[in-house]
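Student: Dropping the structure in here first, questions after.
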Amino acid sequence: MWFEWKKLFERRLNVTAMILGYVLIGVCVAVWISDTSFYDDKTQDYIEGVNAVRRDQQRAGAQTDSLSEEYITQLVREIQSHHLDLESDEAYVEVIRPLGDLFWVTAKNYTDMREGIIDRNALNEIDLTDGAHFYEQRMKKITDFLNMDFSFGNYKEVEKVYWIQKAERTKTPFRWGSRDIMGMVWDLTALGFYLVFVIIICVSSVFSSEYESGAAYLLFTTKYGKSRLIWSKIATSILFTVGYIVVGIVLALTAIGLFLGFQGADLPVQLWDSVIPYNLTVGQACAANFAVMLLVSVATALVLLGCSAGIRSSFATLVIGMTLMIAPAFFPMSKESGLWNHVNYLFPVRVLDLKTVLGSFVSYTVGNHVISYVEMIVTVYIVIGVTALLWIRRGWCRV
Amino acid sequence: MELVLDRVTKQYKNKIAVDRLSTTLTEGVYGLLGENGAGKTTLMRLICGILDINSGEIKCDGEEIGSMGERYRDLLGYLPQDFGYYPNFTAMEFMCYIASLKGLDRNYAKKQSRLLLQKVGLGGEMRHKTKTFSGGMRQRLGIAQALLNDPKILVLDEPTAGLDPKERVRFRNMIAELGKDRIVILSTHIVSDVEEIADWIYLMKQGQFIAQGTLETLREHYLSVTRADGQGGLDMNFNLEKLYLYYFSEGEED
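The following block contains the structure:
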């Protein structure tokens, strides 16, 4: 395997791509930290960077530690007491900016799921006679969404029951705290998407370069050229894929941890979107996003190894890899075909954004059995990976 | 060791590259002569199990080579024509890489690599990257790797290409020596190489053996065909080149 590592790391294009991938991550982390801002009422100016994160933590700590019905009712009452159009600049200065994320999380809960942007004034329309019914509204919002008429097909009864039960199991009231740091960490795990491009560049030549250089004919005649060599190349590629991503993410997490710590890892994911039906903390969600990213990366690497062995052209394999990653981003969701939409959801560009995946209520049914989007992603990419493994051997040995 | 080719045929779409070839090979040096596209390389790849046969079979000591798998490849040493040398590998690393694929023990592989590199005149270049090598040096490295596992069947595709005259003489001697206890099959354009070292010579054209035998039997063959054509008779200055030209200049006229 040492020789395969040597081949991988001695290709100039590979090394350049690896360095650029890490530089990109580093730049993103630096920009995220430096771009975080907090408005200081005393100085009437914005604080940026690490201090902004600290101030946001202090504000969140002073607000509450839990989004109880009583707290939300009191909060909405206070917002309504200003009698302001919440879309106005005045409302932003007097109400929204001082509340920070607390305002956005609350307002989003009262915004219809079909709305693309948060309806701020929805908070002004809440009848507070017997409370804000924050969690009741959350469930109503989910139920309304599941019962909607969709041109591409409606939810089946089993799916509705599945999602409602899942959402009801979510632990309430939600814990409250600053989302800044874990928001960055979650975005960071999604940023791993760009590292997959590095994997594509490095893996696309693993088998094809042997054909291109003419070495394949020699390798085929060696004792293990059609057996152990394949596994050695596969093992090297998988280890490289996992290692490269893990090292990249760990380095970035270390930088975040050193500057900011990881406060907020135990906050529920519902602080990012209250309708998310999964009972997860944001720390667990980040870990899951990371695991999905590794799974998708390994499956993608295996598919490309198959292409590399079968097509025997590094460039063609690279083009296929890039197309697989980029093109689906432009595939529109169908207004007629639910089947197409369900396939469309499974392309790497969509599954790597777990923040959207968790709140999407996409599910797959087999008879009366409901498979959640996350379960489907795991199943599909494992199947793709295993199929690709068999394909690699056939491609390499076919002459 | 006996390698039997029985009506071996390889077809690419509409072109028959190797056409029902049959022969039996035992220890010795076998030379394949023929023009580009005659089917020499395809035949060698079939013998090495790189390509699948369309019909017919190749047996090694009575066993079909495809079913022998690793056991057959363990007997093989192959020098392909124009193969990749991993430019950033040193000569020693390249040898060790191939040795690992041949399943050789690491220590033995190092020892054997050193020995073979010295044998092919690359003893002083072991630590140099192959990208710094000349064509002749790469060819010598290729021959050295083919010998790593002490193969019982050695297949050399154009082994003397790129070698200077002095190196060619050295290799002829080496190949002749190797042919004493193994099957050595070599293809070349250079008639004199085959003439000097091959115990048995095949002339290939359009996927078929158009003539075969020892130098002596080919001489007789040449005399009989030229006599029949009314072109010759008793030629006391026969050499293989004359027979080669007889067949292949005839082809050009066609």
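Note that the protein sequences, when read in sequence, are chains G and W. Per my numbering, the first sequence starts with residue 11, numbered consecutively. Per my numbering, the second sequence starts with residue 294, numbered consecutively. Cβ coordinates follow ideal geometry from the N, Cα and C atoms, glycine included. In this text, all values refer to a predicted model and were calculated from it rather than measured experimentally.
#1: In angstroms with no decimal places, state the Cα-to-Cα distance between Lys395 of chain W and Leu368 of chain W.
#2: Whole angstroms are fine: how far does the CA of Phe162 of chain G sit from the CA of Thr83 of chain G?
#3: Mind listing the chain G neighbours of Arg366 of chain W? Cutoff is C-beta to C-beta under 9 Å, in chain order.
#4: Quick check: what's the CA-CA separation for Leu281 of chain G versus Thr327 of chain G?
#5: Measuring only between beta-carbons, confirm whether Leu23 of chain G sits less than 8 Å from chain W.
#6: Using three-state DSSP, classify Phe376 of chain W as helix, strand or coil.
#7: So who's on the other strand from Lys352 of chain W, going by DSSP bridges?
#8: Please name the residue in W:Leu434, W:Asn442, W:Leu441, W:Asp443 whose C-alpha comes closest to that of Gly265 of chain W.
#9: Let me check one thing: in DSSP terms, what residues is Asp450 of chain W bridge-paired to?
#10: Nearest by alpha-carbon distance to Phe269 of chain G: which of G:Ser347, G:Ala101, G:Ala62, G:Met11 is it?
#11: Is Gly396 of chain W close to chain G, meaning its C-beta is less than 8 Å from at least one C-beta of that chain?
#12: Within the present structure, is the beta-carbon of Ser223 of chain G separated from the nearest heavy atom of the ligand SAM by less than 7 Å?
#13: Cβ of Arg189 of chain G within 8 Å of Cβ of Gly274 of chain G?
#14: Any idea which residues DSSP pairs Ala504 of chain W with across the strands?
#15: The region 349–375 of chain W: which residues have C-beta closer than 7 Å to a C-beta of chain G, in chain order?
#16: Between G:Trp401, G:Leu400, G:Leu356, which has its C-alpha nearest Val390 of chain G's C-alpha?
#17: Can you check DSSP and say which residues form a bridge with Arg185 of chain G?
#18: Under a Cβ-count criterion, where at least 16 other Cβ atoms within 10 Å of its own Cβ denotes burial, should Ile4 of chain G be classed as buried or exposed?
#19: Out of W:Thr453, W:Arg463, W:Met337, point me to the one whose CA is closest to Gln411 of chain W's CA.
#20: May I ask you to report which of helix, strand or coil DSSP gives Gln54 of chain G?
#21: Enumerated in chain order, which unbroken segments of the beta strand (DSSP E) with a length of 3 residues or greater are wholly contained in the region 209–233 of chain G?
#22: Quick check on this structure: which residue in G:Phe160, G:Ala177, G:Leu156, G:Lys176 has the alpha carbon closest to the alpha carbon of Lys167 of chain G?
#23: Report the residue from W:Leu326, W:Arg520, W:Leu336 whose alpha carbon sits nearest the alpha carbon of Asp312 of chain W.
#24: Does Ala310 of chain W come out as helix, strand or coil in the three-state DSSP assignment?
#25: Can you check DSSP and say which residues form a bridge with Ser382 of chain G?
#26: Please confirm if Tyr323 of chain W has its CB atom under 8 Å from at least one CB of chain G.
#27: Beta-carbon separation of Phe382 of chain W and Tyr371 of chain W under 8 Å?
#28: If we count the other Cβ atoms within 10 Å of its Cβ and call it buried at 16 or more, is Ile294 of chain W buried or exposed?
#29: Identify, in the order they occur along the chain, each residue of the same chain with its Cβ nearer than 6 Å to the Cβ of Gly472 of chain W, setting aside the five sequence neighbours on each side.
#30: Give me whichever residues DSSP pairs with Phe48 of chain G in a beta bridge.
Tutor: Put simply:
#1: For the purposes of this step, residue 395 of chain W is identified with residue 102 of the second sequence, where counting begins at 1. For the purposes of this step, residue 368 of chain W is identified with residue 75 of the second sequence, where counting begins at 1. In this model, Lys395 of chain W and Leu368 of chain W are separated by some 10 Å (Cα to Cα).
#2: Within the first sequence, numbered from 1, the residue matching residue 83 of chain G stands at position 73. Within the first sequence, numbered from 1, the residue matching residue 162 of chain G stands at position 152. Whole-angstrom Cα-Cα distance: 38 Å.
#3: Residue mapping note: residue 366 of chain W aligns to position 73 of the second sequence, counting from 1. Per Cβ cutoff of 9 Å: Phe230, Thr231, Thr232, Lys233, Tyr234, Gly235, Lys236.
#4: Here residue 281 of chain G is taken as the residue at index 271 of the first sequence, counted from 1. Here residue 327 of chain G is taken as the residue at index 317 of the first sequence, counted from 1. Their Cα atoms are separated by approximately 41 Å.
#5: For the purposes of this step, residue 23 of chain G is taken as residue 13 along the first sequence, with counting starting at 1. For Leu23 of chain G, the answer is no, since every Cβ of chain W falls outside 8 Å of its Cβ.
#6: Walking along the second sequence from the start, residue 376 of chain W turns up at place 83. If DSSP states are grouped into helix, strand and coil, Phe376 of chain W belongs with coil.
#7: On the second sequence, residue 352 of chain W is found 59 positions in, with the first residue counted as 1. Answer is W:Val297, W:Glu357, bridged to Lys352 of chain W.
#8: Absent from the structure is residue 265 of chain W, since the part of chain W shown begins at 294 and ends at 547.
#9: Your numbering for residue 450 of chain W matches position 157 in the second sequence. Answer by DSSP bridge pairing, in chain order: W:Ser480.
#10: As a first step, residue 269 of chain G is located in the first sequence; it is residue number 259 there, counting from the start. For Phe269 of chain G, the nearest C-alpha among the options comes from G:Ala62.
#11: Taking the second sequence and counting its residues from 1, one reaches residue 396 of chain W at position 103. Closer than 8 Å to some Cβ of chain G, the Cβ of Gly396 of chain W qualifies, so yes.
#12: The ligand SAM is absent from the structure shown, which contains no ligands of any kind.
#13: Mapped onto the first sequence, residue 189 of chain G falls at position 179. Mapped onto the first sequence, residue 274 of chain G falls at position 264. Taking 8 Å as the Cβ cut-off, Arg189 of chain G and Gly274 of chain G qualify as a contacting pair.
#14: Reading the second sequence from its first residue, position 211 is the one you call residue 504 of chain W. According to DSSP, Ala504 of chain W bridges with W:Leu496.
#15: Glu363, Arg366, Asp367, Leu369, Tyr371, Pro373, Asp375
#16: The count along the first sequence starts at 1 and reaches residue 390 of chain G at position 380. It is G:Leu356 whose Cα lies nearest to the Cα of Val390 of chain G.
#17: Indexing the first sequence from 1 puts residue 185 of chain G at position 175. Arg185 of chain G is bridged to G:Ser76.
#18: Beyond the ends of chain G as shown, which are 11 and 409, falls residue 4 of chain G; an answer cannot be given.
#19: Residue mapping note: residue 411 of chain W aligns to position 118 of the second sequence, counting from 1. That would be W:Arg463, whose Cα lies nearest to the Cα of Gln411 of chain W.
#20: Position 44 of the first sequence, counted from the start, is the residue given in the question as residue 54 of chain G. Coil at Gln54 of chain G, not helix or strand.
#21: none
#22: Here residue 167 of chain G is taken as the residue at index 157 of the first sequence, counted from 1. Note on identity: in this sequence residue 167 of chain G is Glu, with Lys being the wrong assignment. Taking only the C-alpha atoms, the option nearest Glu167 of chain G is G:Leu156.
#23: On the second sequence, residue 312 of chain W is found 19 positions in, with the first residue counted as 1. Checking every option, the nearest Cα to that of Asp312 of chain W belongs to W:Leu336.
#24: Against the second sequence, residue 310 of chain W aligns to sequence position 17. Correct three-state label for Ala310 of chain W: strand.
#25: For the purposes of this step, residue 382 of chain G is taken as residue 372 along the first sequence, with counting starting at 1. DSSP lists G:Ser373 as partners of Ser382 of chain G.
#26: Stepping through the second sequence from its first residue, residue 323 of chain W is reached at position 30. With 8 Å as the cut-off, Tyr323 of chain W does not count as an interface residue toward chain G.
#27: In the second sequence, residue 382 of chain W corresponds to position 89, counting from 1. In the second sequence, residue 371 of chain W corresponds to position 78, counting from 1. No, these two residues do not count as a Cβ contact at 8 Å.
#28: Residue 294 of chain W sits at position 1 when you count from the first residue of the second sequence. Residue identity differs from the one stated: residue 294 of chain W is Met in this sequence, not Ile. The residue in question, Met294 of chain W, is exposed, as its Cβ has fewer than 16 Cβ neighbours within 10 Å.
#29: Counting from one through the second sequence, the residue named residue 472 of chain W turns up at place 179. Here the set comprises Gly321, Val322.
#30: On the first sequence, residue 48 of chain G is found 38 positions in, with the first residue counted as 1. Paired residues: G:Ile57.
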